[in-house]
Amino acid sequence: MIKRKVSKVAVAIGAFLSLMSVVRAVPADNPPDWVPLGVYLAWERTYTCGVWNKTDRWQDLAKRLDAAAANAVDTIWVVNLGDEDLPRLITECERRNLKLVATMSSVEAKVADRWADNSPYYDSIIPRLIKLAGNSKTLIGWVLSDEPDEKILGRVEQLRLKFRQADPDRFCLVVSMWPQTPAVPKQTKLPVVCVDLYPFMGPNDPNGPSTAGASQGFYRGKAEEMIAAIGDRKIAPWIMGQCFTEIWGPHTYDEHGHQIALPGSYLHWRCPTAAEMRWQVWEMLRVGGKGMFIFLLNPEEPNPEAAKLPPPEVPWKNVLVKTATDAGPSALTRPDGTPHPQLVELGGIYKLIAPHKALIQRWKREDTKFVEAQPPGQVQGFVDPATGARYAVVVNDDLQGSQSMQLNVGAGITKVIDIIKGTSIPLGDLGKIKLSLPAGSGTILEITRPPNG
């Protein structure tokens with residue numbers, strides 16, 4: 004009898020331990036403990052630009068990774084990467100102290116054939132990828148889908164579980180369009196949610212925001228929707244912002260690497276200005292984002308035949324380009340691999356933010372307003388749960404010029420420090436301060452209250 008009871012107890016304990024092993028937390032369950040400042044790399048373009056430059060893809064890639072690293076980029080998000088190229092890309096990133104988030108051509112939850120009839124496809128592909136990646140700390144995450152429809156998020160979650168079991172030290176994620184993004188944290192347990200937001204469209208574009216106010220409102224509103232959908236979950240919100248053009252119909256290229264929309268073409272997206280590049284990053288921080296990627300690093304190769312393309316067959320003929328129009332760069336780097344001013348501008352902001360990434364990763368939004376700004380200023384408060392210190396991210400919404408803005412931090416505040424500049428800001432009557440910011444720029448203020456204040 005005693006032996007039988009012990010046996011039952013042993014069985015019960017074994018079952019319990021087995022259950023615990025199933026639900027045991029692993030690093031892949033958690034968002035990364037850092038804030039990526041990254042760019043998006045289209046792998047197929049390393050080949051086409053390499054051909055255009057009369058070199059191979061690895062030499063083309065080296066130029067662009069060097070340009071990224073020189074401009075404070077710390078993470079590369081690659082898409083359409085062939086399995087066989089993963090080890091060398093890891094090495095190239097490692098040499099430049101760049102982290103890597105990988106979208107493999109062999110992994111895409113949207114591809115239905117890979118799921119047909121309980122296909123064992125991923126049971127063989129995933130172990131192969133993990134073997135190729137080895138123990139590298141450079142490769143930090145796997146992207147399971149690029150802009151998945153809401154209807155396939157169930158597959159995304161299944162794929163996450165497969166990767167979690169086989170590679171428990173690397174997290175998984177997707178990048179989603181804004182209509183689908185609120186569903187991602189509800190239907191999956193991905194520890195990162197990333198929305199792509201491309202707000203800067205051509206003049207009078209009927210398919211999206213085409214004025215500064217509409218573009219900013221779109222970006223801000225959809226980012227806020229992502230933050231609200233995540234709520235209190237332990238999920239990192241990331242934003243993929245814009246640096247590209249898209250022209251339907253005839254276009255050409257100038258000596259600066261800009262795309263020129265020719266008469267009869269439809270200018271869908273235009274490249275952001277320097278101020279708009281700054282604004283995207285600062286606004287990401289202000290809404291509570293924990294990571295930034297810019298689409299994209301490498302351009303399409305110049306194609307002389309593009310000038311001969313016919314005008315697109317679209318119903319909105321009135322917005323087709325009437326005279327040649329400079330749409331700006333089509334990526335952060337030129338076809339020859341050198342950086343556009345947009346990459347230099349991005350790097351300048353990344354450099355300012357980088358020393359404060361640990362704080363940004365820790366802090367929480369504080370929706371009780373302890374600081375207010377007058378337009379064109381936009382402000383959001385944060386609290387560091389580790390210290391109780393309060394911070395505010397302030398953004399100049401004016402994309403045309405610098406602004407001297409008035410903020411109210413409230414009575415009783417003893418000190419306000421601009422931690423980006425490392426300077427103290429004089430306090431006026433009733434807790435009012437003045438802050439000057441360039442067009443589209445921002446800063447972080449540390450706001451000190453008296454004890455028990």
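If you're matching positions, the sequence shown starts at 4 in the numbering used here and goes up one per residue. Note that the Cβ used here is the ideal one computed from N, Cα and C, for glycine as well.
Looking at C-alpha atoms only, which residue of the options is the closest neighbour of residue i?
i: T223; options: N207, W285 and V196; result: It should be pointed out that residue 223 corresponds to Arg in this sequence rather than to Thr. That would be W285, whose Cα lies nearest to the Cα of R223.
i: M243; options: P388, T78 and A414; result: T78
i: G340; options: G216, F203 and N301; result: N301
i: E348; options: R131, S444, Q406 and P123; result: S444
i: N83; options: S439, T106 and R173; result: T106
i: A72; options: Q383, C96 and Q168; result: C96
i: L288; options: H359, N210 and L402; result: H359
i: A327; options: E228, G291 and Y269; result: Y269
i: L299; options: K293, E249 and E258; result: E249
i: G216; options: H261, W282 and Q161; result: W282
i: I297; options: W241, P240, V396 and Q245; result: Q245
i: Q406; options: G425, L438, L433 and G391; result: L438
i: V159; options: G331, S122 and E111; result: E111
i: P378; options: A389, Q364, G144 and V398; result: V398
i: G404; options: G380, R99 and A330; result: G380
i: P307; options: F247, S148 and P253; result: P253
i: I129; options: D235, V114, T214 and W145; result: W145
i: T141; options: T94, S127, W241 and A115; result: T94
i: L402; options: R67, P209, M280 and R48; result: M280
i: A463; options: N56, H259 and K354; result: Here the chain comprises residues numbered 4 to 456, so residue 463 is not present and cannot be evaluated.
i: L89; options: I133, K293, F247 and A278; result: I133
i: Q345; options: L64, A278 and D170; result: A278
i: D235; options: E369, F247 and V324; result: E369
i: R131; options: F221, E87 and L147; result: E87
i: V396; options: I352, V290 and G220; result: V290
Below 6 Å CB to CB, which residues in the same chain sit around residue i once its five sequence neighbours on both sides are set aside?
i: T51; result: E304
i: Q190; result: L156
i: S218; result: P202, F203 and P212
i: A70; result: T336 and P342
i: E449; result: Y394, I420 and I422
i: G85; result: S108
i: S427; result: I420
i: P209; result: W319
Excluding sequence positions up to five away, which residues of its chain have a Cβ less than 7 Å from the Cβ of residue i?
i: T255; result: I263, L265, A309 and A310
i: V81; result: L44, W46, L92, L103, A105 and T106
i: R167; result: V29 and A31
i: E153; result: Q183 and A186
i: M180; result: E150 and D199
i: Y125; result: R117, L162 and K165
i: L430; result: I416, V419 and I436
i: W366; result: F385, V386, D387 and Y394
i: P453; result: G415 and T417
May I ask you to report which of helix, strand or coil DSSP gives residue i?
i: G17; result: Note that G17 scores a pLDDT of 48, beneath 50, so its modelled location is shaky and nothing firm can be said.
i: P240; result: strand
i: T451; result: strand
i: N210; result: coil
i: P358; result: helix
i: L528; result: No answer is possible for residue 528: the residues shown for the chain start at 4 and end at 456.
i: C274; result: coil
i: P441; result: coil
i: P258; result: Inspection of the sequence shows that residue 258 is occupied by Glu rather than by Pro. Coil at E258, not helix or strand.
i: T248; result: coil
i: F221; result: helix
i: Y124; result: helix
i: W181; result: coil
i: V25; result: Residue placement at V25 is flagged as unreliable, the pLDDT there being 49, under the threshold of 50; the coordinate-derived value follows with that caveat. Of the three classes helix, strand and coil, the one that applies to V25 here is helix, per DSSP.
i: G53; result: helix
i: V42; result: strand
i: L433; result: helix
i: D32; result: helix
i: V76; result: coil
i: D69; result: helix
i: D199; result: strand
i: L193; result: coil
In its own chain, which residues sit with a C-beta less than 8 Å from the C-beta of residue i, not counting the 5 before and 5 after it?
i: A231; result: P185
i: I238; result: P34, P188, L193, P194, V195 and V196
i: K372; result: G384
i: K424; result: T446
i: N100; result: A72 and D77
Is it the case that the stretch 29–40 contacts the stretch 314–334, given that we only count it when at least three CB pairs across the two stretches are under 8 Å? Not touching, per the Cβ criterion.
Could you tell me which uninterrupted beta strand (DSSP E) segments, each at least 3 residues in length, are contained entirely in the stretch 370–421, listed from first to last along the chain? Runs of the beta strand (DSSP E) spanning 3 or more residues and lying entirely within the stretch 370–421 occur at 380–386, 393–399, 406–411 and 418–421, in chain order.
Answer yes if the stretch 272–287 comes into contact with the stretch 168–182, meaning at least three C-beta pairs across the two stretches below 8 Å, and no otherwise. Output reads no: the stretch 272–287 does not touch the stretch 168–182.
If we require 4 or more residues per run, which alpha helix (DSSP H) segments fall completely within the stretch 276–356? Within the stretch 276–356, the complete alpha helix (DSSP H) runs of at least 4 residues are 277–290 and 344–356.
Could you tell me whether the stretch 350–370 touches the stretch 408–420, where touching means 3 or more Cβ pairs closer than 8 Å? With the cut-off at 8 Å, the stretch 350–370 and the stretch 408–420 do not touch.
4-residue-minimum alpha helix (DSSP H) runs that sit fully inside the stretch 91–177, ordered along the chain: List check, alpha helix (DSSP H) in window: 124–136 and 156–169.
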